[in-house]
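Enquirer:
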Amino acid sequence: MINRLGETSIQREFEADIAIIGAGAMGLAIASEFLHTGFSILLLESGLADSNCVSDTLLAVENIGHKFNGATSSGRRRVLGGATTLWGGQFLPLGDIVFTERPWLGVSGWPFQKTLLKPFYKRAADLAQLKLATGGDSLWIGHGINPPLFNPEKLKSEFSSWSPRPNFANNMRGDLALSSNVEVLLDATVTEILINRHGEVQELSIRSTLGHAAMAKARFYILAAGAIESARLLLASRRQDDRGIGNSNGLVGRYFQDHISLPVARIIPKNRATFHQIYDNFIVGGTKYAPKVVISDALQRENRILNVGGFFRFSVDNSISINALKTLIGHLKRRTIPSDGIPLLAKSIINLPEVAKFAYGVRIKHRIQASREGEIFLEAHSEQLPRPESRISLSKKDDRLGMPLACLNWRIADESRMAIKAYTNTVRDEFHRLCLADVEPLSDVIDSPYEFQRSLSDVYHQMGTLRMSTNPEEGVTNPDARMHEVPNLYVAGCSLFPVSGYSNPTHTGIALAVRLADHLKSRLSK
119 MINRLGETSI
129 QREFEADIAI
139 IGAGAMGLAI
149 ASEFLHTGFS
159 ILLLESGLAD
169 SNCVSDTLLA
179 VENIGHKFNG
189 ATSSGRRRVL
199 GGATTLWGGQ
209 FLPLGDIVFT
219 ERPWLGVSGW
229 PFQKTLLKPF
239 YKRAADLAQL
249 KLATGGDSLW
259 IGHGINPPLF
269 NPEKLKSEFS
279 SWSPRPNFAN
289 NMRGDLALSS
299 NVEVLLDATV
309 TEILINRHGE
319 VQELSIRSTL
329 GHAAMAKARF
339 YILAAGAIES
349 ARLLLASRRQ
359 DDRGIGNSNG
369 LVGRYFQDHI
379 SLPVARIIPK
389 NRATFHQIYD
399 NFIVGGTKYA
409 PKVVISDALQ
419 RENRILNVGG
429 FFRFSVDNSI
439 SINALKTLIG
449 HLKRRTIPSD
459 GIPLLAKSII
469 NLPEVAKFAY
479 GVRIKHRIQA
489 SREGEIFLEA
499 HSEQLPRPES
509 RISLSKKDDR
519 LGMPLACLNW
529 RIADESRMAI
539 KAYTNTVRDE
549 FHRLCLADVE
559 PLSDVIDSPY
569 EFQRSLSDVY
579 HQMGTLRMST
589 NPEEGVTNPD
599 ARMHEVPNLY
609 VAGCSLFPVS
619 GYSNPTHTGI
629 ALAVRLADHL
639 KSRLSK
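Structure follows, in structure tokens:
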């Protein structure tokens, strides 16, 4: 069932086996795993069924570090579905090396190997209704295309998969509305977590934007509000301890990370048609697959550098008709109505021959043709070195519900620039060896720490702040995603990441959430 706090009753107390804070990708994934079970689930969402400016004002942060685009409502959203109402739905597992020990990072890594997550990666993809790329060169070979034969000690190719239905709220709304054991409570902002004398969560304090108040009690609690908001809530729950909850070692909110993105080289293909044949996106069975160029594990170990991958960005877009058509398709995928729907439709039919050619490429050739004109750039995505001073803390300013704002201090070490420079030079050398293209590094950016910091951007991939570890001296949560210091409080999502790799994080976040659902089913059954 789906209700709004205070709308249908004056209920002041809610009880369930599990209370989940946040109905974004992770919260919805866990709730869906409990549909039609004998366990009661309370899913608390600060926003409403559709986005609104009142809820989004609660996302405000005080930024005292590097410019961070993802702190705004363009990168986060308080609404049923969370950021899945905004994103493109790109899935890509973390690379193998990200789960191995990398002493040169100077911090602890993942407390388990990637093999543990393998079945959950598959289940996460099933939730997004997509088929993952099989890996290797199979997509190219299956379409009669010769793949780039990189030196495996230098580079490798990967494909990300894009969900045809990325909005989880739209995908699950019907099942949630009809469910008898999962209750979604909208306009229900958790403002405080209350701890009993045994160190366990006793209840949650909930407020609505209309002034309603309630409490929620459960056997187990899950924080699934994202890296920024989850840390903020723990730090703001100071009734028992001024340091907040689970923060005896001062690690809550620390090691905040995002992926670093920027153009790093200009690409001049030897043969433009061949280049597009290799690097245009595929679309097979309704799923888009995007090729990536990734630094090898061997080169990372040899040079003791961070994980980096990249893709090719075409600086001149397709025609007005094609761009309008792509925008309309995006709204259809998310089941949203564009405010400029009629003008978009008009633009999409201005050049019908070009639209027909584009449709032929998609339906018959299974390719999404990029622009054949203008410059091509290599865009790099790098993980960042986890740093304790890159963190979420509390501002002295409060929001409209009386909670302290999150204070964001995003810090980027120069190790990211060094890794991106090594990656760019390796791409240059390998593409020259294979006669694919001349790669001209943007030296003014990758050689200068100042220009690098000025040019880089985040990509709305907030991670860290509640990092996993085997012991509480190195992190906030254990390998089961439970808070080290609070036995009935768990965390779901990318805030768990101790290190991040270069891959889009949501796939791994959902895999961890599905794994957590299995763990809690086992605990509830005992």
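Take the numbering used here: the last position of the sequence shown gets the number 644, and nothing is skipped along the way. Virtual Cβ for every residue (Gly too), placed ideally from N, Cα, C. Keep in mind that this is a model prediction, so the values were computed, not measured.
So the alpha helix (DSSP H) CYS171 belongs to, where does it begin and stop?
Expert: 171-174
Enquirer: With 16 as the cutoff for other CB atoms within 10 Å, does CYS553 come out buried or exposed?
Expert: exposed
Enquirer: Go ahead and pull the three-state DSSP assignment for VAL480.
Expert: Bear in mind that a pLDDT of 46 at VAL480, under 50, signals an unreliable position, so the number given afterwards is only what the model happens to contain. Reduced to three states, the DSSP call for VAL480 is helix.
Enquirer: Using beta-carbon positions only, say whether PRO229 and PRO597 come within less than 8 Å of one another.
Expert: A contact, by the Cβ cut-off of 8 Å.
Enquirer: Between THR202 and ASN285, is the Cβ-Cβ spacing less than 8 Å?
Expert: yes
Enquirer: So, for PHE268: in the same chain, excluding its five sequence neighbours on each side, which residues have a beta-carbon less than 6 Å away from its beta-carbon?
Expert: GLU548
Enquirer: Quick check: the Cα distance between GLN502 and GLY183, rounded to an integer number of angstroms?
Expert: 15 Å
Enquirer: Taking 8 Å as the threshold, find out whether the region 220-239 comes into contact with the region 322-337 through three or more Cβ pairs.
Expert: When C-beta atoms of the region 220-239 are compared with those of the region 322-337, fewer than three pairs fall below 8 Å, so the two segments do not count as touching.
Enquirer: Within the continuous alpha helix (DSSP H) that includes LEU215, where are the two ends?
Expert: Leu is not the amino acid found at residue 215; the sequence shown has Ile there. First-last for ILE215: undefined, no H or E at that position.
Enquirer: Would you decide whether ASN365 is buried or exposed? Buried here means 16 or more other CB atoms lie within 10 Å of its CB.
Expert: buried
Enquirer: Could you tell me if LEU638 is buried or exposed, where buried requires 16 or more neighbouring beta carbons within 10 angstroms of its beta carbon?
Expert: LEU638 is buried by the Cβ-count criterion.
Enquirer: To test your reading of the DSSP string, which unbroken alpha helix (DSSP H) runs of 4 or more residues are found completely within the region 405-431?
Expert: 415-421
Enquirer: Tell me where the alpha helix (DSSP H) around PRO237 begins and ends.
Expert: Bounds of the alpha helix (DSSP H) holding PRO237 are 236-245.
Enquirer: Compare the C-alpha of ARG337 against each of PHE132, ASP360, GLY224 and name the closest.
Expert: PHE132
Enquirer: So, with DSSP's three-state summary, where would you put LYS539?
Expert: helix
Enquirer: Measure the beta-carbon distance from ALA246 to PHE277 and round it to whole angstroms, keeping in mind my assumption that it falls under 8 Å.
Expert: About 15 Å; that fails the 8 Å criterion.
Enquirer: Do you know offhand how far GLY582's Cα is from ALA498's?
Expert: 21 Å
Enquirer: Quick one: what does DSSP say LYS514 is sitting in, helix, strand or coil?
Expert: Strand, per DSSP.
Enquirer: Would the region 343-350 count as touching the region 575-590 if we require 3 or more Cβ pairs under 8 Å?
Expert: yes
Enquirer: Write down the C-beta distance between LEU496 and ILE385 rounded to the nearest angstrom, noting that I regard them as a contact closer than 8 Å.
Expert: 6 Å
Enquirer: Under DSSP, the alpha helix (DSSP H) around ASN289 begins and ends at which residues?
Expert: Element bounds for ASN289: 286-296.
Enquirer: Identify which residue in ILE215, ALA349, ASP135 has its Cα closest to the Cα of SER613.
Expert: ALA349
Enquirer: Going straight from the alpha carbon of ARG641 to that of ALA306, what length do you get?
Expert: 27 Å
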